Amino acid sequence: MARAGTALITGASTGIGLELTRLFAAGEHDLVLVARSKQKLDELATELSSKHGVRVLVVAEDLQDPAAPERILERVTREGFTVDLLVNNAGFGAAAPFLETAARRSLDMIALNISALTHLTHLFAAGMVERGHGGVLNIASTAGFQPGPNMAVYYATKAYVVSFTEAIAVELAPKGVHVTAFCPGPVETEFARIAGNDDSVLFKMGAARADAVALDAYRSFMKRRVLVISGGTNWLGVQLLRFAPRALVRKVAAWVNSKPAPDASRGKLAP
């Protein structure tokens, strides 16, 4: 049985979340895995429990449902798990001008990226405070430090995550709970395909490997760092934002989120 406490990880079936589950399991943490795909989670649970000898609870939930966090807490409690570490990783984006994005998709994004993260943190951090120890890792983004034309709602949700996390880190530290906002740049996951920006200038400039980003997140969280910008280039970019004129920041963000113009003569996207 694991001896390092239990970690609850959302968005655990793919990308950064999947890599984090493997790192926490290797660190002898029992796991509560949350995502929509029960089949993927079941397969992952079998892999991790067999390889590392940890207990794994699978909770298939759609966190866009406002009632999901309460159901997760109820299930965790019923199964006899105590969550010591919460990893809010689940989220998605949409790459299109605001008015060309369906209102429902934008609202679902806010529900997942902001509301579910906030609700889960409130539910599980309360227990951590009662026990006098614990931690919350919120996966944010370098997008949270600037406005994002052509991905306006996504960038705004990540700005919330950064601000919210830094604030509660101050509130909860005296109570024994450490909180980290981890901010990667573009990462090689399903995120870009789902968001529709895998052919944007941003992703054509290069994306980090999910396993490398997850390792940085895990190590930073275990060191109890509050705000982490992953990667030297990303760190420099965020620092430059502090001094650049806001008009320039907006223009650059719009450019990196743009896509190649269609090449009508060849019937495909121009290089």
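Counting from 504, one number per residue, gives the positions in the sequence shown under the numbering used here.
Built from N, CA and C at the ideal position, the CB exists for glycine as well.
The structure presented is a predicted model; accordingly, all values stated were derived computationally and were not measured.
Classification of residue i by the beta-carbon crowding that lies within 10 angstroms, buried from 16 upward
| i | result |
| --- | --- |
| D587 | buried |
| T513 | buried |
| H636 | exposed |
| P689 | buried |
| Q649 | buried |
| E633 | exposed |
| P600 | exposed |
| P748 | exposed |
| R525 | buried |
| L511 | buried |
| E564 | buried |
| A538 | buried |
| G735 | exposed |
| W758 | exposed |
| F527 | buried |
| A604 | Inspection of the sequence shows that residue 604 is occupied by Thr rather than by Ala. Looking at its Cβ environment, which holds 16 or more other Cβ atoms inside 10 Å, T604 is buried. |
| G679 | exposed |
| A598 | buried |
| F724 | buried |
| A628 | buried |
| N700 | With a pLDDT of 49 at N700, under the threshold of 50, the modelled position of that residue is not reliable, and the figure given next carries that caveat. The residue in question, N700, is buried, as its Cβ has 16 or more Cβ neighbours within 10 Å. |
| A606 | exposed |
One or two residues paired with residue i in a DSSP bridge
| i | result |
| --- | --- |
| R574 | Per DSSP, none; premise fails for R574. |
| L534 | A510 and V559 |
| G637 | V680 |
| N592 | None, per the DSSP bridge assignment. |
| E691 | R712 |
| I642 | F685 |
Closest Cα partner of residue i within the set the options
| i | options | result |
| --- | --- | --- |
| G630 | G651, V579 and A756 | V579 |
| T683 | S733, A715 and E582 | S733 |
| Q542 | V656, G530, A528 and L560 | L560 |
| D611 | P569, R558 and S644 | P569 |
| E669 | I642, A655 and G651 | I642 |
| R753 | V741, W738, A710 and G651 | G651 |
| L566 | G594, A750 and A548 | G594 |
| A662 | A676, G647 and E674 | G647 |
| T624 | S609, V656 and L675 | L675 |
| A711 | R727, Y721 and P687 | P687 |
| A507 | V562, L744 and G556 | G556 |
| V673 | L730, E573, R581 and A717 | L730 |
| V777 | R728, L547 and A756 | The requested residue 777 does not occur in the structure, where the chain is confined to residues 504 to 774. |
Integer-rounded CB distance, given that residue j should sit under 8 Å from residue i
| i | j | result |
| --- | --- | --- |
| A619 | A659 | So it is not a contact: roughly 16 Å between Cβ atoms. |
| N760 | N616 | Wrong, their Cβ atoms sit about 17 Å apart, outside the cutoff. |
| V590 | L551 | Going by Cβ atoms, the distance from V590 to L551 rounds to 15 Å, so no, they are not a contact pair. |
| T645 | F584 | Wrong, their Cβ atoms sit about 33 Å apart, outside the cutoff. |
| I519 | N592 | 6 Å |
| A713 | E522 | 5 Å |
| L544 | L576 | Contact doesn't hold; Cβ gap of about 18 Å is too wide. |
| F667 | T621 | 7 Å |
| V656 | S609 | 5 Å |
| S540 | S516 | 5 Å |
| L536 | V562 | 7 Å |
Boundaries (first-last residue) of the alpha helix (DSSP H) holding residue i
| i | result |
| --- | --- |
| F627 | L620 to R634 |
| D714 | A713 to M725 |
| E582 | Run containing E582: none; DSSP gives neither H nor E here. |
| N737 | G735 to L744 |
| E603 | Neither: E603 is in no alpha helix (DSSP H) and is coded neither H nor E. |
| R539 | Neither: R539 is in no alpha helix (DSSP H) and is coded neither H nor E. |
| T517 | Neither: T517 is in no alpha helix (DSSP H) and is coded neither H nor E. |
| A672 | A655 to L675 |
| L751 | R749 to V759 |
Span of the beta strand (DSSP E), counted from its first residue to its last, around residue i
| i | result |
| --- | --- |
| L777 | The question about residue 777 has no answer here: the residues shown for the chain are numbered 504 through 774. |
| D568 | D568 -> no beta strand (DSSP E), and no H or E assigned at all. |
| L730 | L730 to I732 |
Near the ligand FAD: residue i beta-carbon under 7 Å from a heavy atom
| i | result |
| --- | --- |
| R574 | With respect to small molecules bound, the structure shown includes none, and the ligand FAD cannot be examined in it. |
Residue-level contact to chain C via CB, residue i, 8 Å cutoff
| i | result |
| --- | --- |
| L534 | Protein chain content of the structure displayed is limited to a single chain, and chain C is not contained in it. |
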